[in-house]
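The structure under discussion appears below in the form of structure tokens.
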């Protein structure tokens, strides 16, 4: 394929979005609350609609704030419903985010009816990354070439930078409160506050990603890079790095695939880039899951063929004494499945 | 004759309503603590004073509220009433004096983190918000790991450790906290014999340094051997005091009620202890 300036911008915007999502996404995966990303990305809709009603324009700051506030409220409401309604977290989430999402849909219908401005539901769900380079906010000459800076690149770049700064500044607090929230509280790290800070990051990132990838594909960007990285490393810092790389790879492969693959199957027009990104991320996860050198499917089969329970032999003279090596290794094999 | 007003005699003033005072030497003083889940009481009216430098075993049947007692002291579950004083001041102001070893199952051992990094977390309270971990803190953690005999496993990811080694990692983290009062929730659960030995040695070392350890313990047969103080708990404090006074057949009967199997075990424990 020929890469035009717009293609480059689409990939840059997709990458910024994917990395901005992947960073908080890693913590969602580690805290086993990936579906909170799903809940928040849907529940911000009434916030968006309300922001739009107030300002009558899209992609404005009030819209942003409205959506972010509703995103955090989703986390709070889920907590409340779970606590006082005596239902588990999954059900609480299901109640809260569907209600808020439906409310958002009603409000959008009202907005469209009143203002004749089209807030397109399918755009909300899948985004319109192909059109983001058209919304230029600044253009300047750099050497020989004119560069037209799209708004989405600026917004997503800013959100990525904020996420990066917050995670770097509070790296050990995020790490501790994700691994052992009880210990975090006893040493004075506000674990509850960290939880809501993470939820705010997810909410803000989701809203910023709306135009690019929409509320469904954004879940893939939040969860899949982190989950893929989780299979490849035993260190949090490396996991964050790998997740960013997986995010960028998904954006590049996704756009390339969306443009080049349909003609091969006899279709003229390229397909959706955001869809391509999510599929690429899924394929990358699948490949890693099968081929990961430490936790992959093939590696597991290989180990079973060789009848060796663990790639790293447990060399601990202490613990053999009571149970004997056989039962110890048996226990290890059980756990490693 | 009318007396001229003078400064009232201090002794003649009505005594103020009695407020329980706690000497700053008392590591832990619990007053009137009640904890409830969904309006059902789990702990009822707990009054407990723990003297310094003791190894205290917290013993009671399943569901007696042993873990809840620790969590309530550490503000991890809400208190319906009561207060907890650590060295004479409310717990909130004394966090740095308190170390916590949670139950091993309370965390995800597949988390991408090395043994050394888990132990380093014990120093986070001292490091403070926004500040990075320095070599000093990692050295403290490394020393603690070597202290519990698994310095050679520092770099290993925590899922690749045996149960006993994982428990040692938690204990090393508590050591790195450098506290004066320790809460340990079932450190002896499902560990191998050598780890059990190592924990006992560590407890005695802490005691020799004048530190106080509260340990939730399940195995009645080792209570008399391991602890010099015992709290018998079953929603209420049935009895608390020095092991030789408290760990008796009648008190265990009162704690465990009609659970015969356990009583049998307790009887054996008492015979072993020579009482």
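Residue numbers (this note's numbering), protein chains in the order written: chain A, 183 to 519; chain B, 58 to 332. Note that beta-carbon positions come from the ideal geometry of N, C-alpha and C, so glycine has one too. Being a predicted model, the structure only gives us computed values, none of them experimental.
Please go through the same chain and pick out, in chain order, the residues whose beta-carbon is closer than 7 Å to the beta-carbon of residue i, but skip the five residues on each side of it.
i              : result
residue 82(B)  : 109
residue 342(A) : 198, 201 and 202
residue 314(B) : none
residue 398(A) : 307 and 308
residue 517(A) : Low confidence applies to residue 517(A): its pLDDT is 43, below 50, so where it sits in the model is not reliable enough to give any reading.
residue 277(A) : 263
residue 151(B) : 143 and 144
Cutting at 8 Å between CB atoms, please list the residues of its own chain near residue i, excluding the five before and the five after it.
i              : result
residue 509(A) : In this predicted model, residue 509(A) has a pLDDT of only 40, less than 50, meaning its place in the structure is not dependable; the value taken from the coordinates is given anyway. Cβ within range, chain order: n/a, list empty.
residue 206(B) : 225 and 255
residue 294(B) : 103, 104, 105 and 288
residue 136(B) : 90, 91, 92 and 129
residue 217(A) : 272 and 275
residue 153(B) : 182, 183 and 236
Using a C-beta to C-beta distance shorter than 8 Å, which residues of chain A count as neighbours of residue i?
i              : result
residue 152(B) : 368, 369 and 370
residue 157(B) : 364, 365 and 368
residue 134(B) : Simply none; closest approach about 10 Å.
Which residue's Cα is closest to the Cα of residue i: the options?
i              : options                           : result
residue 417(A) : 212(B), 220(B) and 268(B)         : 212(B)
residue 358(A) : 153(B), 175(B) and 87(B)          : 175(B)
residue 428(A) : 335(A), 308(A), 270(A) and 408(A) : 408(A)
residue 291(B) : 284(B), 308(B) and 299(B)         : 308(B)
residue 472(A) : 453(A), 413(A) and 462(A)         : 413(A)
residue 282(A) : 267(A), 260(A) and 228(A)         : 228(A)
residue 286(A) : 307(A), 271(A), 267(A) and 269(A) : 307(A)
residue 406(A) : 419(A), 420(A) and 426(A)         : 426(A)
residue 169(B) : 480(A), 476(A) and 482(A)         : 476(A)
residue 386(A) : 368(A), 367(A), 345(A) and 364(A) : 345(A)
residue 185(B) : 483(A), 367(A), 488(A) and 486(A) : 367(A)
residue 236(B) : 278(B), 252(B) and 268(B)         : 268(B)
residue 422(A) : 187(A), 188(A), 211(A) and 185(A) : 211(A)
residue 420(A) : 204(A), 488(A) and 238(A)         : 204(A)
residue 96(B)  : 322(A), 302(A) and 266(A)         : 266(A)
State the CB to CB distance for the pair residue i and residue j, rounded to an integer number of angstroms; the pair is presumed to be in contact (CB under 8 Å).
i              : j              : result
residue 382(A) : residue 213(A) : At roughly 15 Å, the Cβ-Cβ gap does not stay under 8 Å, so residue 382(A) and residue 213(A) are not in contact.
residue 230(A) : residue 249(A) : 5 Å
residue 193(B) : residue 229(B) : In fact, because the Cβ distance is near 16 Å, the residues do not count as touching under 8 Å.
residue 219(A) : residue 207(A) : 7 Å
residue 157(B) : residue 354(A) : In fact, because the Cβ distance is near 17 Å, the residues do not count as touching under 8 Å.
residue 246(A) : residue 356(A) : With a Cβ gap of about 23 Å, residue 246(A) and residue 356(A) do not count as contacting.
residue 364(A) : residue 159(B) : 5 Å
residue 214(B) : residue 161(B) : Wrong, their Cβ atoms sit about 16 Å apart, outside the cutoff.
residue 248(B) : residue 220(B) : 6 Å
residue 415(A) : residue 467(A) : Contact doesn't hold; Cβ gap of about 14 Å is too wide.
residue 402(A) : residue 337(A) : About 20 Å separates the two Cβ atoms, so there is no contact after all.
Just to make sure I have the definition right: I need the residues of chain B whose C-beta is within less than 8 Å of the C-beta of residue i. Which are they?
i              : result
residue 361(A) : 164, 165, 168, 170, 175 and 178
residue 416(A) : 169, 170, 171 and 214
residue 378(A) : What residue 378(A) touches in chain B: nothing, since even the nearest Cβ is about 16 Å away.
residue 351(A) : 187
residue 412(A) : 169
For residue i, I'd like the list of residues in its chain whose CB is within less than 6 Å of its CB, leaving aside the five on either flank, ordered along the chain.
i              : result
residue 221(A) : 256, 275 and 279
residue 198(B) : 173, 176, 177 and 233
residue 316(A) : none
residue 442(A) : 183
residue 175(A) : Outside the displayed range of chain A (183 to 519) lies residue 175(A), so it cannot be described from this structure.
residue 434(A) : 193
Name, please, each residue of chain B whose Cβ falls closer than 9 Å to the Cβ of residue i.
i              : result
residue 421(A) : 169
residue 355(A) : 181, 186 and 187
Note down, in chain order, every chain B residue with its Cβ under 7 Å from the Cβ of residue i.
i              : result
residue 212(A) : 168
residue 358(A) : 178 and 181
residue 330(A) : Going along chain B, no residue has its Cβ under 7 Å from residue 330(A), so there is no contact; the nearest lies around 39 Å.
Run down chain A in chain order and give the residues with a C-beta less than 7 Å from the C-beta of residue i.
i              : result
residue 126(B) : Near residue 126(B) there are no residues of chain A at all, since even the closest Cβ is about 14 Å away, more than 7 Å.
residue 190(B) : 354
residue 131(B) : 368
- Counting Cβ pairs closer than 8 Å, one from the stretch 220-236 of chain A and one from the stretch 253-267 of chain A, do we hit at least three? yes
- Is the number of C-beta pairs between the stretch 243-255 of chain B and the stretch 270-286 of chain B that are closer than 8 Å three or more? yes
- Task: Please determine if the stretch 260-269 of chain B and the stretch 111-122 of chain B are in contact, where contact requires at least 3 C-beta pairs separated by less than 8 Å.
- Result: yes
- Message: So, does the stretch 136-156 of chain B touch the stretch 82-102 of chain B, judging by three or more C-beta pairs under 8 Å?
- Response: Verdict: yes, contact present.
- Would you check if there are 3 or more beta carbon pairs closer than 8 Å linking the stretch 391-410 of chain A to the stretch 371-382 of chain A? no
- Do the stretch 114-131 of chain B and the stretch 327-337 of chain A touch if we need at least three Cβ pairs shorter than 8 Å? no
- Message: Using 8 Å as the cut-off, can you tell me whether the stretch 428-440 of chain A makes contact with the stretch 455-465 of chain A, which would need three or more C-beta pairs spanning the two stretches below that distance?
- Response: yes
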